[in-house]
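Engineer: For the sequence shown, the positions run 1412 to 2078 when the working numbering is used.
All C-beta atoms in this analysis are idealised placements derived from N, C-alpha and C, irrespective of residue type, glycine included.
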Amino acid sequence: MIPKERILQLRDELHLHNYRYYILDQPSISDFDFDQKLKELQDLEHQYPDFSDPNSPTLRVGGNPIDSFQSRNHKFPMLSLGNTYDLVELEDFHQRVEKGLLGESPTYVPELKIDGLAISVTYISGKLAYAVTRGDGLKGDDVTENVKTISSIPLILQGNDYPEEFEIRGEIFCSRENFQRINDLRIQDGEDVYANPRNFASGSLKLLDPKEVAKRKLECYFYYLSSDFDIGQNHYDSLEKAKSWGFNISPWTGKPAPFSRISEYIDHIKSIRNSIPFDIDGVVMKVNDFPQQKRLGFTAKVPRWAIAYKYPTEAAQTTLLGVTYQVGRTGAITPVAELQPVFLAGTTVKRASLYNADEIERLNLYLNDQVLVEKGGEIIPKITSVLSEQRDLFAIKVEYPTHCPECHIPLHRSEGNAVHYCPNEVGCRPQLVGKLEHFVGRKMMDIQALGKETVAQLFDAGLVRSCDDLYRITKSDLLPLDRMGDKLASNIMDGIEQSKQMPLERFVFALGIRHVGETVAKSLVKAFGNLDELILASKEDLLQRDEVGEAIAQSVVDYFSQEENRKRLDFFKSIGIQWEKQTNALAQSTVLDGKKVVVSGKFSQFTRDGIKESVELNGGKILSSVSSNVDILLAGSDMGPSKLKKAQDLGVQIMSEEEYVNLIDQK
Ligand code: IVH
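#1: If you run the structure through DSSP and keep just helix, strand and coil, what is ALA1938?
#2: Does the region 2004-2018 come close enough to the region 2032-2042 to have 3 or more Cβ pairs within less than 8 Å?
#3: Which of helix, strand or coil does DSSP assign to ILE1677?
#4: Please name the residue in LEU1776, ILE1744, ASN1494, SER2025 whose C-alpha comes closest to that of HIS1819.
#5: Please name the residue, chosen from LEU1942, GLY1527, VAL1844, that lies closest to LEU1980 on a Cα-to-Cα basis.
#6: Following a CB-centred definition, is LYS1524 positioned closer than 7 Å to any heavy atom of the ligand IVH?
#7: For ILE1477, which of GLU1623, ASP1639, VAL1797, THR1813 has the nearest alpha-carbon?
#8: CA-CA distance, SER1901 and LYS1886?
#9: Can you find the residues in the same chain that come closer than 8 Å, C-beta to C-beta, to GLU1588, ignoring five residues on each side of it along the sequence?
#10: For LEU1596, count neighbouring C-beta atoms within 10 Å of its own C-beta (all shown protein chains included) and say buried if the count is 16 or more, exposed if not.
#11: Please report the straight-line C-alpha distance between ILE1858 and TRP1663, rounded to a whole angstrom.
#12: Evaluate LEU1798 with the Cβ neighbour count: other Cβ atoms within 10 Å of its Cβ, from every protein chain shown; 16 or more gives buried, anything less gives exposed.
#13: Are at least three pairs of beta-carbons, each pair with one atom in the region 1824-1841 and one in the region 1728-1745, less than 8 Å apart?
#14: With a floor of 4 residues, list each alpha helix (DSSP H) that falls wholly inside the region 1755-1828, ordered by position along the chain.
#15: Can you tell me whether ASP2042 is helix, strand or coil according to DSSP?
#16: Across which residues does DSSP place ASN1699 in a beta bridge pair?
#17: So what's GLY1386 in DSSP terms, helix, strand or just coil?
#18: With respect to 7 Å, is the separation between the Cβ of VAL1695 and the closest non-hydrogen atom of the ligand IVH below this value?
#19: In three-state DSSP terms, what is GLN1737?
#20: Please name the residue, chosen from GLY1473, MET1855, LEU1892, that lies closest to ASP1871 on a Cα-to-Cα basis.
#21: Given this structure, state the Cα-to-Cα distance separating GLU1651 from LEU1470, to the nearest angstrom.
#22: Does the beta-carbon of TYR1634, which I'm using as the reference point, lie nearer than 7 Å to any heavy atom of the ligand IVH?
#23: Taking Cβ positions, are GLY1693 and LYS1524 nearer each other than 8 Å?
#24: Could you tell me whether any non-hydrogen atom of the ligand IVH is closer than 7 Å to the CB of ALA1719?
#25: Considering only their Cβ atoms, is the gap separating SER1531 from PHE1577 smaller than 8 Å?
#26: Measure the C-alpha to C-alpha separation of LYS1628 and ILE1946 and round it to an integer number of angstroms.
#27: Quick check on this structure: which residue in ILE1986, ASN1976, VAL1967 has the alpha carbon closest to the alpha carbon of GLU1908?
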């Protein structure tokens, strides 16, 4: 067979298998065989780029990264939905509909209100043409390449009775299970977890690298078709049709029913809500008949033929068993409520955040209190109220401890600070272990073989007390430890050895000096060039540098003036830790050379860290707050108005993301 024929054959087969797997749920080949065919197609496409196809099944794994998203107008505005938490208001809605239809009683299609992000996908001649986010409703970001990685969104349609051109809308989301899997990986890496599946899904779709999006295993259900062509007489049939063309339609969509039966649907979904594998925040009911929809029309913002009923936030009542106090790496104390396990919104809740002493005071907590907990879409629940009338007469008030729960040294709380600290930096176990964990972390010295448990094991075995000790251990120290094999021991030793080559800014960050985070470490290294200069810097020297305020300067001076730290640093120097700033081999341009830039708000084409890195790679310097010292304010969306005003008042140049991208593009 000539390659072109084989390529076309494989594409057809893979499209069909995809449809059988994701839509019909009737796979007819094994995952292994599917992957083999996909691999064969990938290789052939690579070999014969002339036969490439923008809708090839190989795009599921993600095409090449793009520089930015283009904005695209919606042919039909993407409206939102009216919503209510109240069944009486739902009835009012129905009455308005009847009135609008001059007394006719419509049937409604009840559906899930999926808690994800809306997407509009246009198909032309049976092929996915482009996919656009909601944006401001009139225009959004063209995220076609990312959307193509979502396996349940068809690239090529099945059948032959689809309109020549149409738009279909749906909700992109991440299942709870997949979300948990991804957060578990992040915990293993010592990274912050994503707050909830919705934020995760919408953040993912805005990534510039489709290969990364592909890894995140997003899903999509479609719920609305619009076209200038004929798409049938009613909503329900149009969804059925869409299903036959290969679209993923939620199996929880109800049959058309009169209003009197909608509350049945609402109750039913409520009772099975936790077994639905993704988050929903309510149900939607839509007038089924298209001519009726047309007669009802739209207000400026929402259709008059549909409404969302939202479930109230789920709360559960349980008993406060006690409060524990966790000590972090910096000595900061975090109080945590220990609860009688209670089932809430799909998971068993045993703990809730209490934030700080003020929060405990505000709630006026007593042991054994009955408390209400809520999960406002975030993972860690919080206590929203206390049923104090049920409190038992001899209840003991929760008192914030005066001494560290771990090392029993008196706690300290500085003026105006909500957080208590344990000052015992050199003798408090969680602080010492936390500092070691920080030192070996991914963004610091990146010693991957040393996971959390191993670090604690080394500490408890008395092998390592502070980060310099890591460079004193030998393989024979490690081998006698529990669960330690020859391979792991070698990996640890290699990881430690390699870490000596880490750039100086990572080492400075790894030291865990209070107030010296990633950005400050970078700017200190940039300003002083090598570690000896930084060690000798006076407070005045430090204060003259950008980024460095009173608290940072004091903390740096304190750190380097301690005898113990000085000795440690002498040791680090003697074993060959990077002591000099490296010249940046990655620099992209010099368009921002010497310019001081503040980054604020959200960006569509960069993550927070990504845009900062980009500024630096183009010669700029990142500062954290607007002052007369600043040259450019890079303003993203959702930026605080006061920052903007301050920049305007000070005459700082304000640059949009688009202008910035243009600027660095012309380098
Ligand atoms: S219909 C004109 N149906 O909820 C059609 N929206 O609060 C308007 N949503 O922007 C949308 N599930 O992102 C519709 N079954 C469903 C939905 C749904 C979730 C989202 C959608 C919309 C938002 C409105």
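Structural biologist: Working from what's here:
#1: One-based indexing of the sequence shown puts residue 1938 at position 527. Three-state DSSP puts ALA1938 in a helix.
#2: With the cut-off at 8 Å, the region 2004-2018 and the region 2032-2042 touch.
#3: Residue mapping note: residue 1677 aligns to position 266 of the sequence shown, counting from 1. Helix.
#4: Here residue 1819 corresponds to residue number 408 of the sequence shown, with the count starting at 1. The shortest C-alpha separation from HIS1819 is found at ILE1744.
#5: By one-based count along the sequence shown, residue 1980 stands at place 569. Ranking LEU1942, GLY1527, VAL1844 by Cα distance to LEU1980 puts LEU1942 first.
#6: Residue numbering aside, residue 1524 sits at position 113 when the sequence shown is read from its first letter. Proximity of the beta carbon of LYS1524 to the ligand IVH is indicated: a heavy atom of the ligand is located closer than 7 Å.
#7: Residue mapping note: residue 1477 aligns to position 66 of the sequence shown, counting from 1. Among GLU1623, ASP1639, VAL1797, THR1813, the Cα nearest to that of ILE1477 belongs to GLU1623.
#8: By 1-based counting over the sequence shown, the position of residue 1901 is 490. By 1-based counting over the sequence shown, the position of residue 1886 is 475. Cα to Cα, the separation comes out at about 7 Å.
#9: Taking the first residue of the sequence shown as 1, we reach residue 1588 at position 177. Around GLU1588, the same chain offers PRO1688 as residues with beta carbons nearer than 8 Å, after the five sequence neighbours per side are excluded.
#10: Your numbering for residue 1596 matches position 185 in the sequence shown. LEU1596 should be labelled exposed.
#11: On the sequence shown, position 447 is the one that residue 1858 refers to. On the sequence shown, position 252 is the one that residue 1663 refers to. The alpha-carbon of ILE1858 is positioned some 47 Å away from that of TRP1663.
#12: Along the sequence shown, read from residue 1 onward, the residue named residue 1798 stands at position 387. Answer is exposed; the Cβ neighbour count stays below 16.
#13: These segments touch.
#14: For the region 1755-1828, whole alpha helix (DSSP H) runs of length 4 or above, ordered along the chain, are 1768-1774.
#15: As a working note, residue 2042 is residue 631 in the sequence shown. Looking at ASP2042 - three-state DSSP - the assignment turns out to be coil, as it is neither helix nor strand.
#16: As a first step, residue 1699 must be located in the sequence shown, where it is residue number 288. Beta-bridge pairing links ASN1699 to no other residue.
#17: The requested residue 1386 does not occur in the structure, where the chain is confined to residues 1412 to 2078.
#18: Here the question's residue 1695 lines up with position 284 in the sequence shown. For VAL1695, the CB falls within less than 7 Å of some heavy atom of the ligand IVH.
#19: Taking the first residue of the sequence shown as 1, we reach residue 1737 at position 326. Strand at GLN1737.
#20: On the sequence shown, residue 1871 is found 460 positions in, with the first residue counted as 1. Between ASP1871 and the set GLY1473, MET1855, LEU1892, the nearest pair of CA atoms involves LEU1892.
#21: Sequence index remark: in the sequence shown, residue 1651 carries index 240 (1-based). Sequence index remark: in the sequence shown, residue 1470 carries index 59 (1-based). Cα to Cα, the separation comes out at about 27 Å.
#22: The sequence position of residue 1634 within the sequence shown is 223, counting from 1. Taking the Cβ of TYR1634 as the reference point, at least one heavy atom of the ligand IVH falls within a distance shorter than 7 Å.
#23: Taking the first residue of the sequence shown as position 1, residue 1693 is located at position 282. Taking the first residue of the sequence shown as position 1, residue 1524 is located at position 113. For GLY1693 and LYS1524, yes; Cβs fall inside 8 Å.
#24: Your numbering for residue 1719 matches position 308 in the sequence shown. Yes, since a heavy atom of the ligand IVH falls inside the 7 Å radius drawn around the Cβ of ALA1719.
#25: As a first step, residue 1577 is located in the sequence shown; it is residue number 166 there, counting from the start. As a first step, residue 1531 is located in the sequence shown; it is residue number 120 there, counting from the start. In terms of Cβ geometry, PHE1577 and SER1531 do not form a close pair [threshold 8 Å].
#26: The residue labelled residue 1628 in the question sits at position 217 within the sequence shown. The residue labelled residue 1946 in the question sits at position 535 within the sequence shown. Approximately 47 Å between the Cα atoms of the pair.
#27: Here the question's residue 1908 lines up with position 497 in the sequence shown. Looking only at ILE1986, ASN1976, VAL1967, the smallest Cα-Cα distance to GLU1908 is reached by ILE1986.
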